[in-house]
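These protein sequences, in sequence, are chains A and B. Quick note: the first sequence uses the working numbering, first residue 48, plus one each step. Quick note: the second sequence uses the working numbering, first residue 5, plus one each step.
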Amino acid sequence: MRYLPHTPEDVSAMLERVGLPSVEALFEALPDACRRETPMDLPAPLTEWDLIIRMESLAASMAAGSGNRVFMGAGSYSHYIPALIPQLLGRSEFTTAYTPYQPEVSQGTLQAIFEYQTLTARLLGMEVANASMYDGASALAEGLLMAIRLGKGRKKVALSQAIHPHYREVVQTYFAPTEFEVLTLPVDPATGRTDFSGLEGMDDLAALAVQSPNFFGCIEDLQSAVSLSHGAKALLVAAFTEPLAFGLLPSPGSQGADIVCGEGQSLGIPQSFGGPGLGMFACRMAHVRNMPGRVVGQTKDMNGERGFVLTLSTREQHIRREKATSNICSNQGLCATASAMYMATLGGTGIRKLAALNRDKAAYLKKALEGLGFTPLFTSPVFNEFTLKAAQGFGRIREKLMEKGMVAGLGLEGLYPEMPEMKEAFLFCATETASREDMDALVEAIRGELL
Amino acid sequence: MKDIQDIQTPDNLRYTDAHEWLAADTSPSRMGITDYAQDQLGDVVFVELPEPGSHLEKGAVCATVESVKAVSEVYMPVSGTVSEVNRSLEDTPELVNRSPYGEGWILEITPDDPASLTALMDSPAYREMLKGL
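In C-alpha cells, the structure reads:
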C-alpha cells in the first residue's frame, strides 16, 4: 500500500471534473465560524539535517535517551526489543497502522493479526482475543462497557483503586455521559491489594475490575476477585499494564477472569513518548458477540485452502451503526504485528525466563534500597515493580539524580492525594534492561546524597 | 431471494410491520420472524434471547437475530411477559431459516391484554403490505 501526495496536476484534474475553479471553492459551503481565518502558526520548514538536530535536542531534553537510567515503570516499561522486530516490521507489507478496508485481499495482514490474536489468547489464558485496541486504558473502558452490555440492565461497575490512575480517568471519561455508575474499591493499607469488603451486599453490579500486578506492583488475589464478582452475578474484568508478568504468574484466564484487557507495550513496542501503545483484549467465547473491535478468523476457501477473513463484522459500527459494540472499527495493526513478532520470537520458554529475570532484577534493587533505609509500604508479593516508603527528603534527592540522568522511581503522593500513606511513597521498577552496575550506581548515588 | 407470491404467511397468525409473527389462537402466544424476514436476512448465525420472565412493552427489543449480512432487532408485537424462549436456537440458529413458523420460533409471550393481538395485521393485510415494499 503506498501513500502518494497529490501533484498540482492531480488537483486541477479533480477540480475540473467536479467543475470548481479552486480548492477554496470546494470549502465554500462550510460556515465561516467553522473556518480558520488566519494561517496556521507553524515554524518554517527545516532541512532534513536541521530537523534531525532539532529532534535530537528535544530527545536530549527528556530522560528517555539511552544515556539515562530509568527505574520507573508505572504503565510504560523499558524492555529490550530484539533487532529482528524493527527489521521485519519495516517491510512495506506490514507497515500500515490499520486493518485494510478491503481486508480479504490482504491475506498476509490478516494472517499476522490472526497470529497476534492466537498468541494473545494463549498469553492471557483466554478463549478469544480481538485484533487489538488503542491502548490499555481504552481497552479497560471498552471491557467495562462490554460487561454492561452483558449485564442486561445492571448499572454499576466497581474499579479497584489500585488500577492505574490514568486508566481510571479514561474510564470516567467514557462513563461520564452514560447513566452507569463507577464505584471505587479502596486499597488495603497493609497488603497493597484491593479491599473487596465494600462489595458485600452490593446489587446491580455488572463488573468488577482489578489490575494485577496492580499499580503499586502488588500481585492481586484474582481468584478471590473472580468468586466474589461471580457471587454478585458480575463479570470479572482483569486489567494489566505489564503482560510480561504472565510469564510467571498464572494467567488471568486460568484464574477465571471473564474479560482480560490491558497494555501490550512491553511486548516489543518502544516506549516512545508514551505511545502509541497496544490495547490487548480477550474474553470467553460465550461472550464473543459482545466483544468490541475487529476479529480475524481462519477459514477455508472454495478450493479447500486455508484463508483468513474479518469475522463477526455485523457487530461493528460500519454495519450496525449506533447499535454497534463499540465506536472502534479499527485496530492498532502495526503495534499488534510487532507484539506478535515479539511473542513468537521469545516463545513460552523465553517469556518465562525473561519474566524470572525481571522478578530477580526488581528483587535485587528492592533489597539494595532497603539497605539504605527504604521500607516496603505493602506486604504483598511483587513482580518487576514495588512501592517503598523513602527516607524524608528523598523527593529532593530524586530531583538531583534526575540531573545526573537517573530516574529514581515515581512519587505516588500526587497520583493518590486521597491516600495519606502515599506521602514519601515511591514506585520503583527494574526490568531486564537494568544492569547490576546501573542499579549499584543508583544505590551509591542515593547513599551519597543521604549522607 | 423469494418472490412475494412464494412467501409463506399462514392464516392462523398475526403479523407486524417489522415482520414478526404472533400466534393469536394459543396462550401464551408464540412469536418469531416471518418467512419474508428470514429470506431478507439470509443465513441466520446467531439469535440472542431475552431472560424468560422479563416484562417488556410493545415495541421494545426482545431478541436480536444475526445473519451473515446484518444484525436485526426483534420487537415485542404487544406488551407482555416473556414466558418461554426457544433454547434450541442457541445451537441451531438456522432453524429460523429452515422453519420460521415452526421449529424456528423465538419466544412465547403472555400478553398483558389478550385483545391487543387483534390490532395486528392478519395474513391478507400483511401480504398486501409486502406487495407495497
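Glycine included, every Cβ here is placed at the ideal spot set by N, Cα and C.
State the Cα-Cα distance for the pair A/Ala106 and A/Gly120, rounded to the nearest angstrom. Here the question's residue 106 of chain A lines up with position 59 in the first sequence. Here the question's residue 120 of chain A lines up with position 73 in the first sequence. Approximately 19 Å between the Cα atoms of the pair.
Where are the beta strand (DSSP E) runs, 3 residues long or more, that stay fully inside the region 53-105 of chain B, in chain order? 65-71, 75-79, 84-89
Smallest Cα separation from B/Ser87: which of B/Leu53, B/Ser120, B/Leu99, B/Val69? For the purposes of this step, residue 87 of chain B is taken as residue 83 along the second sequence, with counting starting at 1. For B/Ser87, the nearest C-alpha among the options comes from B/Leu53.
Starting from A/Tyr124, trace the beta strand (DSSP E) in both directions and tell me its first and last residue. As a first step, residue 124 of chain A must be located in the first sequence, where it is residue number 77. From DSSP, A/Tyr124 is part of no beta strand (DSSP E); its letter is neither H nor E.
Nearest-angstrom Cα distance between A/Ser271 and A/Arg215? Position 224 of the first sequence holds residue 271 of chain A. Position 168 of the first sequence holds residue 215 of chain A. Going from the Cα of A/Ser271 to the Cα of A/Arg215 covers about 22 Å.
So, for A/Ala110: in the same chain, excluding its five sequence neighbours on each side, which residues have a beta-carbon less than 8 Å away from its beta-carbon? Mapped onto the first sequence, residue 110 of chain A falls at position 63. The answer, listed in chain order, is Val117, Met449, Gly452, Val454.
Would you say A/Arg367 reaches chain B, if we count a Cβ-Cβ gap shorter than 7 Å as a contact? Numbered from 1 along the first sequence, position 320 holds the residue referred to as residue 367 of chain A. So, interface residue.
Write down every uninterrupted run of the alpha helix (DSSP H) in the region 214-294 of chain A whose length is 4 residues or greater and which is fully enclosed by it, in chain order. 269-278
For A/Ser386, count neighbouring Cβ atoms within 10 angstroms of its own Cβ and tell me buried if that reaches 16, exposed if not. Within the first sequence, residue 386 of chain A is the residue found at index 339, counting from 1. With 16 or more other Cβ atoms within 10 Å, it is buried.
Give the single residue among A/Ala403, A/Arg353, A/Gly264 whose Cα lies nearest to the Cα of A/Leu424. Looking up residue 424 of chain A in the first sequence gives position 377. Answer by Cα proximity: A/Gly264.
What number of angstroms, rounded off, separates the C-alpha of A/Lys203 from the C-alpha of A/Val490? Along the first sequence, read from residue 1 onward, the residue named residue 203 of chain A stands at position 156. Along the first sequence, read from residue 1 onward, the residue named residue 490 of chain A stands at position 443. C-alpha separation (whole angstroms): 46 Å.
A/Trp96, DSSP secondary structure in three states: In the first sequence, counting from the first residue as 1, residue 96 of chain A sits at position 49. The answer is helix: DSSP assigns A/Trp96 an H, G or I state.
Mapping the DSSP letters down to three states, classify A/Phe161 as helix, strand or coil. What you label residue 161 of chain A is simply residue 114 of the first sequence in a count that begins at 1. Helix at A/Phe161.
A/Lys199 touches chain B at which residues, Cβ-Cβ below 9 Å? As a working note, residue 199 of chain A is residue 152 in the first sequence. The contacting residues are Pro54, Glu55, Ser58.
7 Å Cβ cutoff, A/Thr156 in contact with chain B: Mapped onto the first sequence, residue 156 of chain A falls at position 109. Not an interface residue.
Beta carbon of A/Gly190 nearer than 7 Å to that of A/Ser301: The sequence position of residue 190 of chain A within the first sequence is 143, counting from 1. The sequence position of residue 301 of chain A within the first sequence is 254, counting from 1. Not closer than 7 Å, so no.
Residues of chain B with CB under 9 Å from A/Arg362, in chain order? Within the first sequence, numbered from 1, the residue matching residue 362 of chain A stands at position 315. Chain B residues near A/Arg362: Glu70, Val75.
List the endpoints of the continuous alpha helix (DSSP H) containing A/Glu446. To locate residue 446 of chain A, count along the first sequence from 1; it is residue 399. First-last of the alpha helix (DSSP H) with A/Glu446: 441-450.
Distance, Cα to Cα, B/Glu70 vs B/Gln44? Taking the second sequence and counting its residues from 1, one reaches residue 70 of chain B at position 66. Taking the second sequence and counting its residues from 1, one reaches residue 44 of chain B at position 40. Cα-Cα distance, rounded: 12 Å.
What residues in the region 328-352 of chain A have a beta carbon less than 8 Å from any beta carbon of chain B? Arg336
What's the C-alpha gap between A/Asp268 and A/Leu295? Counted from its first residue, the first sequence places residue 268 of chain A at position 221. Counted from its first residue, the first sequence places residue 295 of chain A at position 248. Cα to Cα, A/Asp268 sits roughly 15 Å from A/Leu295.
Anticipated Cβ contact below 8 Å, A/Ala194 with A/Ile306, distance rounded: The residue given as residue 194 of chain A occupies position 147 in the first sequence. The residue given as residue 306 of chain A occupies position 259 in the first sequence. The pair is a contact, with the Cβ atoms about 6 Å apart (cut-off 8 Å).
If A/Leu314 and A/Tyr389 are in contact, beta carbons under 8 Å, what's the gap, nearest whole angstrom? Locating residue 314 of chain A in the first sequence gives position 267, counting from the first residue. Locating residue 389 of chain A in the first sequence gives position 342, counting from the first residue. 5 Å between Cβ atoms; contact.
Three-state secondary structure (DSSP) at B/Leu111? Counting from one through the second sequence, the residue named residue 111 of chain B turns up at place 107. Reduced to three states, the DSSP call for B/Leu111 is strand.
Three or more C-beta pairs closer than 8 Å, one from the region 369-376 of chain A and one from the region 250-264 of chain A: is that the case here? no
Classification of A/His365 by the beta-carbon crowding that lies within 10 angstroms, buried from 16 upward: One-based indexing of the first sequence puts residue 365 of chain A at position 318. A/His365 is exposed by the Cβ-count criterion.
Who are A/Pro423's beta bridge partners in DSSP? As a first step, residue 423 of chain A is located in the first sequence; it is residue number 376 there, counting from the start. BP columns for A/Pro423 point to A/Leu435.
With burial defined as no fewer than 16 other Cβ atoms inside 10 Å of the residue's Cβ, what is the status of B/Cys66: buried or exposed? Walking along the second sequence from the start, residue 66 of chain B turns up at place 62. So B/Cys66 ends up on the buried side.
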